[in-house]
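K.L.:
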Amino acid sequence: MGYAVAIDRAWEEVLKLKPPSAAAVRFLADEYTVEPAAKQVLSLACNIPAKDFNAILILHYLARKLSGLPELTGEWLTFRELSGVEGYAEAFRRRCIEPLIRKYGRQPAGIFTALERLPGKKVTGADAAIIVDAFAQVPALVKVWAQDEEFKADANIYFDRSIQKIFCTEDIVVLAGMIAASL
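Residues in the sequence shown are numbered from 324 upward in steps of one, following the working numbering.
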């Protein structure tokens, strides 16, 4: 019941844009079908309705896709560099960064195994870095630095500047948490 209002608003936004009878959306390692007439978002991998928080992100993405996704800028920003993130920084660190440090801080190269499940690619940077294609035209750059004698392990998730034209701050926090959890 907690997501009902957000889901209703997301459907209103999508339906205003006159979507096709069914739309396919790839999100992380799964493909979803969005059926506006039934107001349903289905996971094709499991043939079950998407979890509410997934459905909200998928609907917000689809609404933006239907009205035209922005071009990628090629400019990577940390969460703190995005506009309107005040008050979310600690939640972002706790939900997204700390799990990555715990999992990969001692062996950053372990993050490369995520590319066996997720769309993306290995890139240079930090001690290990990958780009995960969360949605089409929504990349996230994940960097991990190993712990050594001098410094603690660290990690960060970077977004193309264009993400601010697709998702609100709260959606970006949820998306980053889902990316971190999928790694």
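Yeah, the Cβ is synthetic: ideal placement off N, Cα and C, and Gly gets one too. Small disclaimer: the values here were computed from a predicted structure and weren't measured.
Identify whether THR356 lies in helix, strand or coil by the three-state DSSP scheme.
P.N.:
strand
K.L.:
The ligand ADP and ARG416: does any heavy atom of the ligand fall closer than 6 Å to the residue's C-beta?
P.N.:
Ligands displayed in this structure: none; no statement on the ligand ADP is therefore possible.
K.L.:
Just to confirm before moving on: does the CB-CB distance between ALA463 and VAL455 stay below 7 Å?
P.N.:
At the C-beta level, ALA463 and VAL455 come within 7 Å of one another.
K.L.:
Alpha carbon to alpha carbon, how far is TYR427 from HIS383?
P.N.:
31 Å
K.L.:
Drop a sphere of 10 angstroms on the beta-carbon of MET324, count the other beta-carbons inside from all chains shown, and report buried for 16 or more, exposed for fewer.
P.N.:
Annotation note: pLDDT 49 at MET324 (below 50); position unreliable, coordinate value reported separately. By the 10 Å Cβ count, MET324 comes out exposed.
K.L.:
Spatial neighbours of TRP334 within its chain, please: CB distance less than 6 Å, with the 5 preceding and 5 following residues excluded, ordered by chain position.
P.N.:
LYS362
K.L.:
Since LEU395 contacts GLN470 with CB under 8 Å, what's their CB separation in whole angstroms?
P.N.:
Incorrect: roughly 32 Å between the Cβ atoms, too far for contact.
K.L.:
Would ALA457 and VAL467 qualify as a contact pair, given that the criterion is a beta-carbon distance under 7 Å?
P.N.:
no
K.L.:
In its own chain, which residues sit with a C-beta less than 8 Å from the C-beta of TYR355, not counting the 5 before and 5 after it?
P.N.:
ALA347, VAL348, ARG349, VAL364, LEU365, SER366, LEU367, ALA373, ASN377, ILE381
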